[in-house]
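Count along the sequence shown from 1, then add 18; that gives the number in our numbering. For glycine and all other residues, C-beta sits at the position ideal for the given N, C-alpha and C.
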Amino acid sequence: MTAVEIDERMIEHLSSTLPGLTVKHGDMLQLDLARAARERGGELLLVSNTPFYLTSPLLFKLLASVEHVHTAVLTTQREVADKILSPPGNKDYGILSVMLQLFGKPEYLFDLPATAFAPVPKVESSVLRFFPTAVPFGETEPLSPTQRAALLALLKMTFEGRRKMLRVSLKKLLASGAVGLPDDELLTRRPEQLAPAEFLALGRTLFGDDLGGAEQPLSKSGKVVLGRPAADLAAAADGEEGVDAMVDMEDDGPCDGPSFPSPMDLLEDAHVHKGWRAHKAGWND
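Okay, here's the thing in structure tokens:
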């Protein structure tokens, strides 16, 4: 078993009290999970008593690394657990709900009282288990990182106006000429009313059965930009390293961290390929 710990004082404590544990000094958000999986010879099992302010970045890192993690058990703030497990139509339902229910297979295990921690926090905690997968729940074929990033951009666009009819939320995209306006019943509903599988259906209705991922979308400079994991997209767009750039992907207002590029930044002013538009600037490596 290997522990990743950023606090040097905790490293010394863990090494002395658990001699059978391998402790690495580092930031979990910067850990290369693909490399770690290769070194371990298989998919990883992650266990984390997650600091509350790191929950969303860690979850988006998990979503960007589904091919390399078999199981994850995370302690989260109870409100975050409620959001993840929330069904359509609930006020807590949002981007995390959709993405993790599609690609994380979340399970509620149990609650932890505040008194289980020292010092005692002001909130309650829940323990969730995830089984990350590139195969969306209820389907048989995996989605590529390109396709998952495209779906994430679509979710961000729609949940920016979570109480608006989808036809209104997608007006800028439709007006840009990237896609045509389909005669689809889904567009008459609000994003908070769509089940996760219906968002997949909406993406396919707008952009084709393969979600625009059969071939790599190209920018005008010829560089592939959507064929990167979702976390890398955000980091590259903001000139930051690591998935802390994903911190404000949820629809709860502004955060202190750097922001994910807007969906129109992802989709407009670039070469059109099967309906998807790639961002024309920034990702040149």
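Are the Cβ atoms of residue i and residue j separated by less than 9 Å?
i	j	result
THR73	VAL98	yes
ARG222	LYS182	no
PHE225	ALA168	yes
LEU80	PRO150	yes
THR93	SER143	yes
LEU146	PRO154	no
ALA219	LEU205	no
LEU77	LEU118	yes
LEU51	PRO75	no
Kindly indicate which residue of the options has the alpha-carbon position closest to the one of residue i.
i	options	result
LEU64	THR35, PHE148, GLU125, LYS109	PHE148
LYS109	PHE177, LEU220, LEU204, HIS43	PHE177
ILE29	THR20, MET19, HIS43	HIS43
ALA55	MET19, LYS174, SER66	MET19
PRO69	PRO163, MET175, PHE135, LYS190	PHE135
ALA312	ARG58, PRO106, VAL186	Residue 312 is absent from the structure shown; the chain starts at 19 and stops at 303.
GLU157	LEU120, LEU172, PRO163	LEU120
PHE128	GLY122, ASP100, ALA152	ASP100
Going by the DSSP bridge assignment, what does residue i pair with across the sheet?
i	result
GLU23	HIS43
VAL145	THR93, PHE128
Given this structure, state the Cα-to-Cα distance separating residue i from residue j, to the nearest angstrom.
i	j	result
ALA82	ALA213	21 Å
VAL141	GLY112	21 Å
SER34	THR40	11 Å
GLU159	VAL22	33 Å
GLY60	VAL84	13 Å
ASP227	PRO137	51 Å
ALA132	PRO139	6 Å
LEU184	LEU229	18 Å
GLN95	ASP45	20 Å
ARG180	GLU210	6 Å
ASP25	VAL116	33 Å
PRO124	ILE102	8 Å
LEU62	ASP202	41 Å
GLU57	VAL87	13 Å
SER187	ARG53	39 Å
LEU36	SER66	17 Å
LYS305	MET175	Within the shown structure, residues of the chain are numbered from 19 to 303, placing residue 305 beyond reach of any answer.
LEU173	ALA152	17 Å
TYR126	LEU114	15 Å
PRO163	SER104	25 Å
GLY38	TYR71	30 Å
ALA171	HIS31	42 Å
I want to check one thing, is the minimum distance from the CB of residue i to the heavy atoms of the ligand ADP below 8 Å?
i	result
GLU85	In terms of ligand content, the structure shown is empty, and the ligand ADP therefore cannot be addressed.
Is the Cβ of residue i closer than 9 Å to any Cβ of chain D?
i	result
GLU57	The question asks about chain D, but that chain is absent: this structure has only one protein chain.
Can you list the beta strand (DSSP E) stretches of 3 or more residues lying completely in the stretch 29-108, in chain order?
-> Secondary structure within the stretch 29-108: the beta strand (DSSP E) runs of 3 or more consecutive residues, fully enclosed, are 40-43, 62-67, 87-95 (chain order).
What runs of the alpha helix (DSSP H), each 4 residues or longer, lie entirely inside the stretch 150-184?
-> If one requires a minimum length of 4 residues, the alpha helix (DSSP H) runs lying completely within the stretch 150-184 are 163-177, in chain order.
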